[in-house]
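Residue numbers (the working numbering), protein chains in the order written: chain A, 211 to 549; chain B, 211 to 549; chain C, 211 to 549; chain D, 211 to 549.
Read the structure below first, then the notes.
Number of protein chains: 4
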Amino acid sequence: MDYKTLLENAKRNIETCKVCPECNGKACRGQIPGVGGKGTGSGFIRNYDELRKIKINMDTLYSIDEVDTSIELFGKNFKYPVFAAPIGAVKLNYGKLYNDYEYQMAIIQGCKNSGVVGFTGDGVKDETYEDPLKVIAENDGWGVPTIKPWKKEEILRKIKLAEESGALAVAMDIDAAGLALLGMQGKPVSPKPVEEMQEIISSTDLPFILKGIMTVNGAKKALEAGAYGIVVSNHGGRVLDETPSTVEVLPEIVEEVKGKMKIFIDGGIRSGLDIFKVIALGADAVLIGRPYAVAVYGGGTEGVELYTHKLGKELYETMLMSGAKTLKDINEDKVKILK
Amino acid sequence: MDYKTLLENAKRNIETCKVCPECNGKACRGQIPGVGGKGTGSGFIRNYDELRKIKINMDTLYSIDEVDTSIELFGKNFKYPVFAAPIGAVKLNYGKLYNDYEYQMAIIQGCKNSGVVGFTGDGVKDETYEDPLKVIAENDGWGVPTIKPWKKEEILRKIKLAEESGALAVAMDIDAAGLALLGMQGKPVSPKPVEEMQEIISSTDLPFILKGIMTVNGAKKALEAGAYGIVVSNHGGRVLDETPSTVEVLPEIVEEVKGKMKIFIDGGIRSGLDIFKVIALGADAVLIGRPYAVAVYGGGTEGVELYTHKLGKELYETMLMSGAKTLKDINEDKVKILK
Amino acid sequence: MDYKTLLENAKRNIETCKVCPECNGKACRGQIPGVGGKGTGSGFIRNYDELRKIKINMDTLYSIDEVDTSIELFGKNFKYPVFAAPIGAVKLNYGKLYNDYEYQMAIIQGCKNSGVVGFTGDGVKDETYEDPLKVIAENDGWGVPTIKPWKKEEILRKIKLAEESGALAVAMDIDAAGLALLGMQGKPVSPKPVEEMQEIISSTDLPFILKGIMTVNGAKKALEAGAYGIVVSNHGGRVLDETPSTVEVLPEIVEEVKGKMKIFIDGGIRSGLDIFKVIALGADAVLIGRPYAVAVYGGGTEGVELYTHKLGKELYETMLMSGAKTLKDINEDKVKILK
Amino acid sequence: MDYKTLLENAKRNIETCKVCPECNGKACRGQIPGVGGKGTGSGFIRNYDELRKIKINMDTLYSIDEVDTSIELFGKNFKYPVFAAPIGAVKLNYGKLYNDYEYQMAIIQGCKNSGVVGFTGDGVKDETYEDPLKVIAENDGWGVPTIKPWKKEEILRKIKLAEESGALAVAMDIDAAGLALLGMQGKPVSPKPVEEMQEIISSTDLPFILKGIMTVNGAKKALEAGAYGIVVSNHGGRVLDETPSTVEVLPEIVEEVKGKMKIFIDGGIRSGLDIFKVIALGADAVLIGRPYAVAVYGGGTEGVELYTHKLGKELYETMLMSGAKTLKDINEDKVKILK
């Protein structure tokens, strides 16, 4: 299978997504359930568009033996600085082909086979969280469960389950705090003050990742709460319309917390070139959401591997063409931010 | 009824407006009579577009009990900082379904039922001003009549009628001063110097709102004239083409008069997110025009209520997602203005 | 006849121009012969687009008796600061309905009847220059002949003819210096150094206008040469592709020569609002080209009058809505230049 | 034959290129093999678009005898500062009409006949490099062979062949270093450190041109390596997606190395106006790629001559219209860079 075939398969298999030539949030704007951004879709669209304004400084006058795309996180070594973002309720949002267990199996296995890791999701029903946990357990803990900002006791309970699954780390998408729909179904979510987050994070020895940070203040509070890392994320534009893009808030967050905690980022990242760009701006690694779903619907476990290696190859080439031998060599001098 | 049904009804019931997915002034440009902006429609279009350049800084790491969207104005408490803008001559501009009395009844009642207030309009014929006044009187004064800049005696007479109706406040759309058409029908309008405005405003104890301020100088003169508040407004682009948008003149006006008088704003505000944005830039409250007309034609009194609560819910969510517990917490730090 | 009918007539009568809703140079790009700008048409297009970025600061809180749109030039008083730009070879560029004599008759008479003045053109054949001169003579000298940058003797001869016609002033479109086509037909044109221009200008007592100035240096040289005024013009984008727009070079030219000579401007000016804008930036008056041709083909002499008064009325309204009682009151504070 | 006919012929003869009215990289984005830019095509597209943002300052008030467009390079005099860029594998990228020998014959002869010079290409097979060399030899050395960054021995061997052909100069497209495809076919390419480049360049007395420099650092290293000149180039967007445009990195490179080595540039240059612009920004001469291929497929040798003289005439006119008598007079004051 090549990537073109994968896309054609995905086009047939996904009911809600057009698998556009450029996955930029325009055709699907406002489609929730579905794959779009909320409201005008501007959060998703701007994520994609702003990444286009960062350009690569090409320079091939240097000596090189080998390019190394690997990264160490959670005490483990990964082949590329890439994670599959948590996606849940796939029957609702993508179509009836897979349930969450099947979907996550493709993600977790495909990621593991290609040297990276997938995040899994959470929901009102227990199985939405627990089915993917089983997949993680069946794959030597090769996954990061992501918990919603429920009441504290519920969170602590789910963290314990994550520990039991052998997961490498655990995450919370704190930006799901405004999903009134969850409260209506009897499982309210809410914003969390630093003190409560401290209590939650200190309850486990697992590295804890706070997903959904979009301001310097938010990043500082995450650090104060003891997080291992943050994901600079606007949830793909699905929890609040008209946020800035993630890449335009990244530099100010980097300036404040770089080196003190890990900085992940998602939103509009499509290629190895995009990965290169955000690392140049100070991110440690990326999460990628929708294109991984396309990979699953277009090729299952094999599709996930194919897409992961495609990303890796593009990152490799971009490093080669700009004189970066390791991820640490990718710095601000290697990109040009267009005005 | 849900909002989608409301829009479908409106599409059937309005003869001049396409009820576009984004109410941005493009499809209707130049249509007067009708719902468009004058000439190239740029005043209307820019109002909408410039609001898209303000983004919300999402932060959900804080402690919260309850979000309060209420505001106190004219010594009364309102559920949301929202007013329906004055719209008149609806048969001419929207279609034959309603006359001005019926239209205003839906506005005034719908607003009152949902905890906010509507403005009413004025025109060459006496009934254009007086019919809506009856509606206000029948609804415990729950409305703000808006008088055109006629000759002084006519204005003073109409202010007395407003007082008799029990209206909460009275307004003048001073930017109607260039409507030569009114003069041709025997009722000339004209710009008003500060001295004349002082005389007019001091003739009543009602809070007096000057609508149609687009410059710092204009705001200072309104303050000098004794106005309770101003509406930063370009009349939806209907009195002069090629003005700036209201949101781009707002900050300089806020810097000059904030705290000395109330600052309302209209122009392109469509959602609770937009309300949040202009409050962050220093406005006290907003007026919304065309979408309220859509609400009337799509659902009458019930439509007005539905749309008002939709706005309120969006404002509530935006406050929740950015850590604002009351309107006073919505400040410049909570938005990002894109370059 | 109203303006809508005029446009419909013009659409039928002009063979080369689509009479677009916005006359912005896009549909006709590259069409020479025809009405377009040269090459990509960018000179024409940018003229129009950049004017859209200047906005009017509306303010109606002031005292006003009457708005006066008149201007004094060449010792005469004109109703509006408006001139019809020179257009020649109309059979070639517009269609077979009119010859240059008939075309200019409509322009010169229509302008005179509405209180303004038209420029006339020049070409390889003697009659292209001399036929319009007859029209000027038949209308009490109410016109400004425009001479191409031929060899000096030819220019001096044509200036004498202009004097004999009783013309108010005489002009030269110095930016025609690169039209190689003219040289091929045996009448070469060329750039002119200051010394030669001094000799030419001092040969006559008529006010001399240099048309086609796009730089501060050019304006200084025109002043040194003794010109009565300049026209900031890129020849509607028809002599060189990819020039700046006229309105974006206007401010720096104004800063250098304002008050020392008259500053006219053309390029993309379509309405009284556009006239207001360039006067606010320091121009004394405007030339308008293509829309006057549309007026001729849509309504002859009457069309020219109708369009002139339309411009005048728009200028009047804009002055009324911004507190400018005379042209001198239109200054930089009355516009906002968008970034 | 005129240029319009040439374009029509080309449209018929090229299988992969639509010969668009504006050759801007949009219709062909991503088409490799073919004529497009890699991936999203943004490298090609931005080259073209950014050149549109530079405008010509028109001034025709000066004395002029003759405009001289000639330039001296490699100790020879050329009629225009124009070179045909190296294009190879034309059967694959353009269609079956010509093989590389035939294609290069049209380029080399057409260029020679019109007073300029063409570059030739290289590839995995020996004949891809050597067939064009024969053409150069048959045309008195009137060509510049371009070698890929192979292993050093292979490069040195090919330089010797270039010398034997009598070529005026020799070049290397160092930005081909990332073409993994070449390695798969048994001929790996790679980035080259300064030391290796010094050894390569010092092996020959021919002027050596390094093509594919996009950063100040790269330019400094090329200078250190002893290059006669560089080509500021992103390879038409075909080796790495999402690079800056060449014209936006040109000024900083000029500031660093101007006068110390020759600065060529390619990317989106289509007309004599574009040539004027980049010379104003500090380039010495330009390479033009795709439009020369269109000229070959549209008119063979004659087409190449026709296009070259078209460029020359446009450059001549632009110099005439801006007061530049020689290429040295074309400086920054003669252009305006739009913000």
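For every residue, glycine included, the Cβ atom is placed at its ideal position computed from N, Cα and C.
Bear in mind that the values here come from a model prediction, so they are computed numbers and not experimental data.
Could you list which residues in chain B have their beta carbon closer than 8 Å to that of residue i, in chain order?
i	result
C:Thr527	It should be noted that the sequence gives Glu, not Thr, for residue 527 of chain C. Correct list: Gly388, Ala390 and Leu450.
A:Met407	Leu271
Whose C-beta lies closer than 8 Å to the C-beta of residue i among residues of the same chain, with five residues either side of it excluded?
i	result
B:Leu521	Tyr290, Val292, Ser481, Gly482, Ile485 and Ile498
C:Gly351	Ser375, Gly376, Ala377 and Leu378
Given that residue i touches chain D, what residues does it touch there, using C-beta distances under 7 Å?
i	result
C:Lys397	Within chain D, no residue comes near C:Lys397; the closest Cβ sits about 17 Å away, beyond 7 Å.
A:Leu483	Asp451 and Glu452
C:Gly428	Asp269 and Leu271
Near residue i, what residues of its chain come up, given a Cβ to Cβ distance below 7 Å and the 5 sequence neighbours on each side ignored?
i	result
B:Leu416	Ala372, Glu373, Ala377, Ala379 and Val380
A:Lys402	Pro359 and Ile384
Check each candidate in the options and name the one with the smallest Cα separation from residue i.
i	options	result
C:Phe474	C:Leu366, C:Ala493 and C:Lys487	C:Ala493
D:Met529	C:Val449, C:Gly244 and C:Lys214	C:Val449
A:Arg500	A:Glu409, A:Ala294 and A:Ile411	A:Ala294
A:Gly477	A:Glu462, A:Val464, A:Ala495 and A:Thr456	A:Thr456
C:Lys306	C:Met531, C:Glu515, C:Met407 and C:Tyr507	C:Tyr507
B:Gly240	C:Gly246, C:Pro231 and C:Gly240	C:Pro231
D:Ser412	D:Glu434, D:Lys430 and D:Asn427	D:Glu434
A:Gln408	A:Gly436, A:Ser532 and A:Pro398	A:Gly436
A:Thr453	B:Asn267, B:Lys248, B:Gly428 and B:Ser532	B:Asn267
B:Lys523	A:Thr356, A:Leu343, A:Gly388 and A:Leu302	A:Gly388
A:Ala390	B:Thr215, B:Glu527 and B:Arg222	B:Glu527
C:Leu216	C:Val504, C:Ile489 and C:Gly285	C:Val504
A:Leu271	A:Lys546, A:Ala534, A:Asn541 and A:Val545	A:Ala534
What three-state label does DSSP hand residue i in the structure shown?
i	result
D:Val545	strand
A:Gly328	strand
C:Gly439	strand
A:Phe284	coil
C:Leu420	strand
A:Thr279	coil
A:Met531	helix
C:Gly246	coil
B:Gly499	coil
B:Asp383	strand
B:Gly353	strand
D:Ala344	Looking at the sequence provided, one finds Lys at residue 344 of chain D rather than Ala. Note: D:Lys344 maps to helix in three-state DSSP.
Quick check: residue i and residue j, are their CB atoms within less than 7 Å of each other?
i	j	result
A:Gly235	A:Tyr213	no
A:Tyr313	A:Val300	yes
C:Val354	C:Phe329	yes
D:Val399	D:Met424	no
C:Asp332	C:Ile357	yes
At a CB-CB cut-off below 7 Å, which residues of chain C make contact with residue i?
i	result
B:Ile384	Thr270 and Leu271
B:Lys431	Leu271
Applying a beta-carbon distance threshold of less than 8 Å, which residues of chain C neighbour residue i?
i	result
D:Glu232	Thr250
What does a CB cutoff of less than 6 Å around residue i pick up in its chain, not counting 5 residues either side in sequence?
i	result
D:Lys263	Leu548
D:Lys468	Gly492
D:Asn323	Glu515
C:Asp278	Thr536
Under 9 Å Cβ-Cβ, which residues of chain B neighbour residue i?
i	result
A:Lys402	Thr270, Leu271, Tyr272 and Ser273
C:Arg262	Thr250, Ser252 and Glu452
Within 6 Å: the Cβ of residue i and any heavy atom of the ligand NAD?
i	result
C:Leu378	Summarising the ligand content, the structure contains no ligands, and the ligand NAD is consequently not present.
Under 7 Å Cβ-Cβ, which residues of chain B neighbour residue i?
i	result
A:Pro454	Lys265 and Lys546
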